[in-house]
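First up is the structure itself, then whatever we jot down about it.
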Amino acid sequence: MRIRLVLKIIGVSNMIVLLTACTLFGGDSEKKKDTNKQKDTKSKAQSTKKQDSVIDQELKKQYQMYNEIIEYKVKQDQKLIKQSEEHFKKLKEESDK
Numbered sequence: 001m002r003i004r005l006v007l008k009i010i011g012v013s014n015m016i017v018l019l020t021a022c023t024l025f026g027g028d029s030e031k032k033k034d035t036n037k038q039k040d041t042k043s044k045a046q047s048t049k050k051q052d053s054v055i056d057q058e059l060k061k062q063y064q065m066y067n068e069i070i071e072y073k074v075k076q077d078q079k080l081i082k083q084s085e086e087h088f089k090k091l092k093e094e095s096d097k
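Residues in the sequence shown are numbered from 1 upward in steps of one, following UniProt numbering.
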């Protein structure tokens, strides 16, 4: 008798947890999409109405500089890899002779 009661309570609590998780993570996706679209349109309208602040402009410049530095490092790494491959090929040719 008590075991059935305990099992029923556990089952009900599991269902509550499951429904709560579904609501938090997956429920009403259409409503979320609608609210996201509304937020996007509002943010676009606000951004076009006012100019970017000085801080935003400076952050954009720094972000561009960061991207340029990353690109430069990638290019240098590629050059280094090519040089090391060529050096390895030369060493292999010399060792074959």
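Yeah, the Cβ is synthetic: ideal placement off N, Cα and C, and Gly gets one too. Nothing here was measured: the structure is a model prediction, and the numbers come from that model.
Taken through DSSP and simplified to helix, strand or coil, G26 comes out as coil. DSSP, read as helix, strand or coil, puts M1 in coil. Rounded to the nearest whole angstrom, the CA to CA distance from I70 to Q78 is 12 Å.
When secondary structure is reduced to three states using DSSP, D52 falls in the coil class, being assigned neither helix nor strand. The C-alpha of K37 is placed about 48 Å away from the C-alpha of R4. Distance between T20 and I10, taken at the CA atoms: about 15 Å. Assignment of K97 by DSSP, reduced to helix, strand and coil, places it in the coil class.
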